[in-house]
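Report on one structure; see the data block that follows.
In my numbering, the protein residues as written are 1 to 188.
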């Protein structure tokens with residue numbers, strides 16, 4: 001157990017983040033204010049490892065901090081939307097494992113959320129290593145985690161699972177409800 005590294009994460013510097021979502025063929029914009037970013041409680045960060053499918057042979061990753069909703073890059077999931085709905089949607093097509101790190105500080109959670117919310121949409125660029133795993137890993141790195149970013153979801157998952165001490169939740173394909181403890185990651 002290497003524990004969490006503390007790297008002196010600077011607090012959010014001000015301003016707002018704009019979040020643009022495409023939902024039901026309409027455009028919506030949501031600003032993340034200083035208040036929202038400062039209202040992060042420091043209760044936890046989650047890493048979601050979705051298993052492989054025929055169209056996603058490497059799997060997929062997503063993230064959250066307590067009360068912030070899901071940040072799933074590279075698909076049509078609106079950033080900051082319901083974490084539990086995302087997990088149920090994924091359970092229709094694949095197994096999912098969620099790693100929860102409950103021993104993070106408020107500054108760590110703010111740093112990760114500030115990074116993930118800096119993207120206007122969940123759309124990825126076509127330039128490697130921009131991937132769901134890369135963006136997930138970068139947020140965790142902003143929060144002080146030490147990771148080797150390969151751009152592959154399973155590599156990030158294995159590092160987080162075995163070098164740190166997360167609580168592990170399994171959600172098998174076909175599940176009808178996620179574990180109750182994961183509802184804390186739904187947006188507030």
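Note that beta-carbon positions come from the ideal geometry of N, C-alpha and C, so glycine has one too.
Residue 86 is positioned such that its CB atom lies closer than 8 angstroms to that of residue 70. 8 angstroms or more divides the Cβ of residue 169 from the Cβ of residue 139.
By the 16-neighbour rule on beta-carbons within 10 angstroms, residue 73 is buried. Considered as a whole, the region 110-182 harbours 167-171 as its complete beta strand (DSSP E) runs of no fewer than 3 residues, in chain order. Residue 71 has 63 as its beta-bridge partners, per DSSP. Cα atoms of residue 150 and residue 58: separation of roughly 12 angstroms, rounded to the nearest angstrom.
Of 62, 186, 104 and 174, the smallest CA-CA separation from residue 165 is found for 104.
Per DSSP, residue 79 lies in no beta strand (DSSP E) segment and is marked neither H nor E. Two segments are said to touch when three or more pairs of C-beta atoms, one from each, lie closer than 8 angstroms; by this definition the region 50-68 touches the region 113-132. The bridge partners DSSP lists for residue 88 come to none.
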